[in-house]
Structures are given as C-alpha cells and as structure tokens.
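Novice: In our numbering, the protein residues as written are 105 to 308. There's a structure below that I have some questions on.
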Amino acid sequence: MNDKLLIVFTRNHIAGRVKSRIASVYGNEKALLLNGILMHKTFETASRVDSDKSVSFSDFIDDTIFSGLTNDSSVQKGNDLGERMYNSFLPAFNKGYRQIILIGTDIPDLTPEIIKQGFSLLNDHDCVIGPAGDGGYYLIGLRVLDQQVFSGISWGTSEVFSQTTDRLRKQGFSFSLLPVLCDIDNKEDAMKYPELKDILLRDP
Numbered sequence: 105m106n107d108k109l110l111i112v113f114t115r116n117h118i119a120g121r122v123k124s125r126i127a128s129v130y131g132n133e134k135a136l137l138l139n140g141i142l143m144h145k146t147f148e149t150a151s152r153v154d155s156d157k158s159v160s161f162s163d164f165i166d167d168t169i170f171s172g173l174t175n176d177s178s179v180q181k182g183n184d185l186g187e188r189m190y191n192s193f194l195p196a197f198n199k200g201y202r203q204i205i206l207i208g209t210d211i212p213d214l215t216p217e218i219i220k221q222g223f224s225l226l227n228d229h230d231c232v233i234g235p236a237g238d239g240g241y242y243l244i245g246l247r248v249l250d251q252q253v254f255s256g257i258s259w260g261t262s263e264v265f266s267q268t269t270d271r272l273r274k275q276g277f278s279f280s281l282l283p284v285l286c287d288i289d290n291k292e293d294a295m296k297y298p299e300l301k302d303i304l305l306r307d308p
C-alpha cells in the first residue's frame, strides 16, 4: 500500500444538485455540463499523481464517475462540510495512510504538480492548504488528524481559510501554503475560462 492517499471530495453529478449559483442564471443543464468538464479535469489531474486514490461522494457511490481512478469509494457522512471532510480523513488514517490530501472538483487550474508539492510539504509539516481566491480552500492535506481543525468554521463564507489557519495555530499544527487558485462557484468565476464560458454562452 502506498502511504499517500488522494481523496477526491465531490458532489454527485445530478442536474439541480451541482453549481446552484450558475444554474440559477443559466439553468440546470448548462450547470451540469460545466460540472462535467470540471470533474473530467479533476480525473485527469488525479490520475497523474503517484498515490492511492479514493472518491468521497455527497449522496451515493456512482461507479460511472471517476471509473478507473479507484475502486475505493465512499459516501460522505456528517451534518456540515467540516464533519464530512473529517469523516473522509478518519477511515483513511485508520487504514494506515500517513499523508492524505483532499481536493474538490471545481478547480480548473489545479495540476498534478501542485498536488505533488502538497505531499512533499507534508514531509515537514502537519498540514498543507491550498487557498482559494474567495477565502476558502481547494485543498487540505494532513499527516495528523484533529477534529478541531474542521470544527467551528463558517463554511461557505470568505472566512473559511482564515478561521482554519487560526485553528491550526491554536492546535499547534505546523502548516504550509500552496498557490492561491480560483474555484468555480459562480458565473464570474466560470467566465474567466474560455471552455466554461463557451458552455454558458452557447445557444440552448
């Protein structure tokens, strides 16, 4: 077994359940198409990382998504995003993985090299974080698990990154940062990328 694990943390690919802010402007079909491109990019990126992989789905295991990437899939459990992420890390640490990175599926600029850099930083730090431009984060990696890192965070706000780093300091975690990247939450984010912009502006 590899001592490194990459967790892909994703919503199920269902119309009306993904990219709700974009769907409210352009409709569920275009939001689903856009989400599909982002998931494909994530698959391509993850497949080029030398680690074990697992996929954590929001609602149910979907064998048609990320097929060929891993046979290790699970369903997220918890009352909020923090609990769901913690409960994705916990069984992985219990299996004996020593370095675990969790990523979302809406970061077009995320590369295998950035993820590999994250694993490298975990050799010398307890945690690595990839800050998102909106004040959240697109990646978190750990070599030590503490539920407090995911507790008391104002999920879905611009305070997520700052609150998380405050928690890390309070818990005595050493941490390092990866480059700031844009995640795709709304139409303004999507319009920065020609391939995504084309989907949104395409005639029905």
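Glycine is no exception: its CB is placed at the ideal position from the N, C-alpha and C atoms.
#1: Output the residue ranges of the beta strand (DSSP E) runs that lie fully inside the segment 110-188 and measure 3 residues or longer, sorted by chain position.
#2: If you draw a straight line from the C-alpha of Thr261 to the C-alpha of Thr268, how long is it?
#3: If I follow the unbroken alpha helix (DSSP H) through Ile218, where does it start and stop?
#4: With a threshold of 16 other CB atoms inside 10 Å of the CB of Asn183, please say whether the residue is buried or exposed.
#5: Considering only residues of the same chain and omitting the five flanking positions on each side of Arg121, which have a CB-CB separation below 7 Å?
#6: Quick one: is His229 buried, meaning 16 or more other Cβ sit within 10 Å of its Cβ, or exposed?
#7: Rounded C-beta distance between Phe254 and Met295? I'm assuming under 8 Å.
#8: For Ser276, which residues does DSSP report across the bridge?
#9: Identify whether Pro212 lies in helix, strand or coil by the three-state DSSP scheme.
#10: Kindly identify the DSSP beta-bridge partner or partners of Gly256.
Specialist: Looking at the coordinates:
#1: Listed in chain order, they are 156-161 and 177-179.
#2: When the Cα atoms are used, Thr261 and Thr268 turn out to be separated by approximately 12 Å.
#3: Pro216 to Leu225
#4: exposed
#5: Arg115
#6: buried
#7: With a Cβ gap of about 32 Å, Phe254 and Met295 do not count as contacting.
#8: This sequence places Gly at residue 276; Ser is not what is there. Its beta-bridge partners do not exist; DSSP assigns none.
#9: coil
#10: According to DSSP, Gly256 bridges with nothing at all.
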